[in-house]
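Undergrad: Take a look at this one; I'll ask things after.
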Amino acid sequence: MILRLTILPGDGIGPEVTEQAVLVLQAVADGFGHQLQLQRKLIGGAALTVANDPLPADTVQACLASSAVLLGAVGSPAFDHNPGHLRPEAGLLRIRRELGAYANLRPAVFFPALEDCSPLRAEIVRGTDIMIVRELLGGAYFGEPRAIEGAPGSRVAVNTMRYSESEIERIARVAFELAMKRRRKVLSVDKANVLECSRLWREVVTRVGKDYPEVKLGHQYVDSAAMLLVQRPTDFDVLLTENMFGDILSDQAGGVVGSLGLLASASVGGPVGLYEPVHGSAPDIAGKGIANPLGAILSVAMLLRHSFQLEAEAVCVEKAVSTVLSQGARTADLAGKTHVAISTAEMGRRVVEAVKAVGSGQAEKSA
Ligand code: IPM
Ligand code: MG
Numbered sequence: 015m016i017l018r019l020t021i022l023p024g025d026g027i028g029p030e031v032t033e034q035a036v037l038v039l040q041a042v043a044d045g046f047g048h049q050l051q052l053q054r055k056l057i058g059g060a061a062l063t064v065a066n067d068p069l070p071a072d073t074v075q076a077c078l079a080s081s082a083v084l085l086g087a088v089g090s091p092a093f094d095h096n097p098g099h100l101r102p103e104a105g106l107l108r109i110r111r112e113l114g115a116y117a118n119l120r121p122a123v124f125f126p127a128l129e130d131c132s133p134l135r136a137e138i139v140r141g142t143d144i145m146i147v148r149e150l151l152g153g154a155y156f157g158e159p160r161a162i163e164g165a166p167g168s169r170v171a172v173n174t175m176r177y178s179e180s181e182i183e184r185i186a187r188v189a190f191e192l193a194m195k196r197r198r199k200v201l202s203v204d205k206a207n208v209l210e211c212s213r214l215w216r217e218v219v220t221r222v223g224k225d226y227p228e229v230k231l232g233h234q235y236v237d238s239a240a241m242l243l244v245q246r247p248t249d250f251d252v253l254l255t256e257n258m259f260g261d262i263l264s265d266q267a268g269g270v271v272g273s274l275g276l277l278a279s280a281s282v283g284g285p286v287g288l289y290e291p292v293h294g295s296a297p298d299i300a301g302k303g304i305a306n307p308l309g310a311i312l313s314v315a316m317l318l319r320h321s322f323q324l325e326a327e328a329v330c331v332e333k334a335v336s337t338v339l340s341q342g343a344r345t346a347d348l349a350g351k352t353h354v355a356i357s358t359a360e361m362g363r364r365v366v367e368a369v370k371a372v373g374s375g376q377a378e379k380s381a
């Protein structure tokens, strides 16, 4: 198969982790006989610096002409005082919208090798396997009007949280379909005791749930869900929620399983899937070669699975990651007091080696 991808390294640690993810992808492609066609384009602060636009038109064109997009991270303190549309994050929000990527899948899986990394006791976190389904194109992130208005000293800021029935219905279907292939549980998270958006959300999700009688549907207010996520993370299967709640809860889930640096994501629903680690650009550690590339590498697994239906290849990457973690490989975020931290590049190299070993193991099996 020919895999035509656009790579958007972005800002901060984005380029470092993406580089390792691409090396892993190359190893998988070699092992399974696929051909990679990659083009790299600018987004975020990197694009602002060159083109004064966080999402240049040629980046959008390249993404739309690809079969999938792999993104590192966007965000840089250099642009903190820019107006909203000239911030790096605006580039990310726009590419999500251009690609029609309304469904953001964020798995939070606990690796048994990382018992010492979670702040939670092992008996609480062991077995955690959550699929966060975050609505990605609605809510306060995109609602109009939005503005800061008025004279200095008496300014007023406005954001609009907005959801249509059809937006809620399509993301709910994604969650129920995923649940059917998992443990058949959906927990829909909202704030229906306060927000109209959430009341409509709950009503529509309940209605869609009737089409999936085998799936057990629950509803939880977001504050209470945040508490349950640390108290009983193994109770969660599919967690369905709106854009901003999903942003917050997915970082929390990263903390639960040991490090945000481990979390991958797929932003799908449109013609071209977008794959990005859940972590940000982490400007404080950028350029030091210490960032954890596993979130980006696991995003490659999601890309293979969701954009190319290459399940064996996806599993190969996931197994490779699990193998290197069991062998004690730890970047700084995971090292704690018990392990010596390895660099971003060394972690990438070990995953590549493990991919090759898994790949050749499979060749032996089929021989
Ligand atoms: C994420 C990030 C983004 C978001 C930022 C960088 C705009 O936090 O993907 O979780 O809020 O969606
Ligand atoms: Mg976030």
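Each residue of the sequence shown is one higher than the one before, starting from 15 at the first, in this note's numbering.
Ideal placement from N, C-alpha and C gives every residue a C-beta, glycine not left out.
All figures in this text were calculated on a predicted structure; none of them were measured in a lab.
Residues in the same chain with beta-carbon distance under 7 angstroms from histidine 320, minus the five sequence neighbours each way, listed in chain order, please.
TA: Ala280, Val282 and Gly287.
Undergrad: So for asparagine 207, helix, strand or coil by DSSP?
TA: It is coil, neither helix nor strand.
Undergrad: Within the continuous alpha helix (DSSP H) that includes glutamate 181, where are the two ends?
TA: Here the alpha helix (DSSP H) through glutamate 181 covers 179 to 194.
Undergrad: Looking at C-alpha atoms only, which residue of Lys230, Val229 and Val244 is the closest neighbour of valine 236?
TA: If we check each option's Cα against that of valine 236, Val244 comes out closest.
Undergrad: Cα separation between arginine 344 and histidine 353?
TA: If I take the Cα positions, the gap works out to 7 angstroms.
Undergrad: Tell me whether aspartate 94 counts as near ligand 2, meaning its Cβ is closer than 6 angstroms to at least one heavy atom of that ligand.
TA: It does not: the Cβ of aspartate 94 is nowhere closer than 6 angstroms to a heavy atom of ligand 2.
Undergrad: Find out if the Cβ-Cβ distance for the pair glutamine 49, isoleucine 21 is shorter than 7 angstroms.
TA: Cβ atoms of glutamine 49 and isoleucine 21: not closer than 7 angstroms.
Undergrad: Return the bridge partner residues of asparagine 173 from the DSSP annotation.
TA: Paired residue(s): none; asparagine 173 is not in a bridge.
Undergrad: Opposite proline 121 in the DSSP bridges: which residues?
TA: DSSP output for proline 121 lists Met145 as bridge partner(s).
Undergrad: Could you spell out where the alpha helix (DSSP H) holding glycine 26 opens and where it closes?
TA: No alpha helix (DSSP H) contains glycine 26, which DSSP labels as neither H nor E.
Undergrad: Compute the beta-carbon to beta-carbon distance between arginine 160 and cysteine 211, rounded to the nearest angstrom, for a pair I have assumed lies under 8 angstroms.
TA: So it is not a contact: roughly 15 angstroms between Cβ atoms.
Undergrad: Any residue with its C-beta under 7 angstroms from a non-hydrogen atom of ligand 2 counts. Can you list them all in chain order?
TA: Those residues, listed in chain order, are Asp261, Ser264, Asp265, Val292 and Gly294.
Undergrad: For my contact list, proline 291 and glycine 269 are in at a C-beta cut-off of 8 angstroms; report their separation, rounded to the angstrom.
TA: Between glycine 269 and proline 291 the Cβ distance is about 15 angstroms, and since that is not below 8 angstroms, they are no contact.
Undergrad: Applying the 10 Å Cβ sphere with the 16-neighbour rule, what's the burial state of histidine 95?
TA: Under this definition histidine 95 is an exposed residue.
Undergrad: Taking contact to mean at least 3 C-beta pairs separated by less than 8 angstroms, is the stretch 21 to 39 in contact with the stretch 78 to 97?
TA: Touching, per the Cβ criterion.
Undergrad: Does ligand 1 have even one heavy atom less than 6 angstroms from the beta-carbon of glutamate 112?
TA: The answer is no for glutamate 112.
Undergrad: Quick check: what's the CA-CA separation for valine 365 versus alanine 334?
TA: Valine 365 and alanine 334: Cα-Cα distance of roughly 6 angstroms.
Undergrad: Tell me, which residues are paired with tyrosine 235 by DSSP?
TA: Asp204, per the DSSP bridge assignment.
Undergrad: What residues in its chain sit with their C-beta under 6 angstroms from that of glycine 223, if we drop five residues either side in the sequence?
TA: The answer, listed in chain order, is Leu231.
Undergrad: Which value, in whole angstroms, describes the spacing of the CA atoms of aspartate 265 and alanine 240?
TA: Going by the C-alpha atoms only, they are around 11 angstroms apart.
Undergrad: Return yes when the C-beta of leucine 106 is under 6 angstroms from any heavy atom of ligand 1, and no when it is not.
TA: Leucine 106: yes, Cβ under 6 angstroms from ligand 1.
Undergrad: Quick check: the stretch 58 to 67 against the stretch 91 to 107, are at least 3 beta-carbon pairs closer than 8 angstroms?
TA: Flag = yes, the stretch 91 to 107 and the stretch 58 to 67 touch.
Undergrad: Kindly list the residues whose CB is nearer than 7 angstroms to the CB of glycine 342, restricted to its own chain and excluding five residues on each side of it in sequence; keep chain order.
TA: His353, listed in sequence order.
Undergrad: By how many angstroms is the C-alpha of aspartate 261 removed from the C-alpha of aspartate 349?
TA: Per the sequence shown, the amino acid found at residue 349 is alanine instead of aspartate. If you take the alpha carbons of alanine 349 and aspartate 261, they lie about 26 angstroms apart.
Undergrad: State the start and end residues of the unbroken alpha helix (DSSP H) segment that holds glycine 268.
TA: That run of the alpha helix (DSSP H) goes 257 to 271.
Undergrad: Are the beta-carbon atoms belonging to glutamine 234 and leucine 209 less than 7 angstroms from one another?
TA: No, they are not a contact pair.
Undergrad: Closest to proline 121 by CA distance: which of Asp143, Val170 and Glu129 is it?
TA: The shortest C-alpha separation from proline 121 is found at Asp143.
Undergrad: Do alanine 154 and methionine 397 have their beta-carbon atoms positioned less than 7 angstroms apart in this structure?
TA: The question about residue 397 has no answer here: the residues shown for the chain are numbered 15 through 381.
Undergrad: Could you tell me whether any non-hydrogen atom of ligand 1 is closer than 6 angstroms to the CB of glutamate 103?
TA: True, at least one ligand heavy atom lies under 6 angstroms from that Cβ.
Undergrad: With a CB to CB cut of under 7 angstroms and the five nearest residues on each side skipped, what residues in its chain are close to glycine 114?
TA: The answer, listed in chain order, is Gly283, Gly284 and Pro285.
Undergrad: For alanine 165, which of helix, strand or coil comes out of DSSP?
TA: If DSSP states are grouped into helix, strand and coil, alanine 165 belongs with coil.
Undergrad: Ordered along the chain, which non-local residues of its own chain (more than five positions away) have a Cβ less than 6 angstroms from that of arginine 216?
TA: Counting only Cβ-Cβ distances below 6 angstroms, and skipping sequence neighbours, we find Asp204, Ala206 and His233.
Undergrad: Please report the straight-line C-alpha distance between arginine 111 and leucine 151, rounded to a whole angstrom.
TA: Computed Cα separation, rounded: 6 angstroms.
Undergrad: Quick test of the definition: if touching needs 3 or more C-beta pairs under 8 angstroms, does the stretch 293 to 310 touch the stretch 34 to 42?
TA: In short, these stretches touch, since the Cβ pair count reaches three.
Undergrad: Which same chain residues end up closer than 6 angstroms to alanine 171 when comparing Cβ atoms and leaving out the 5 residues on each side of it in sequence?
TA: For alanine 171, where only same-chain residues beyond five positions count, the Cβ hits under 6 angstroms are Ile162.
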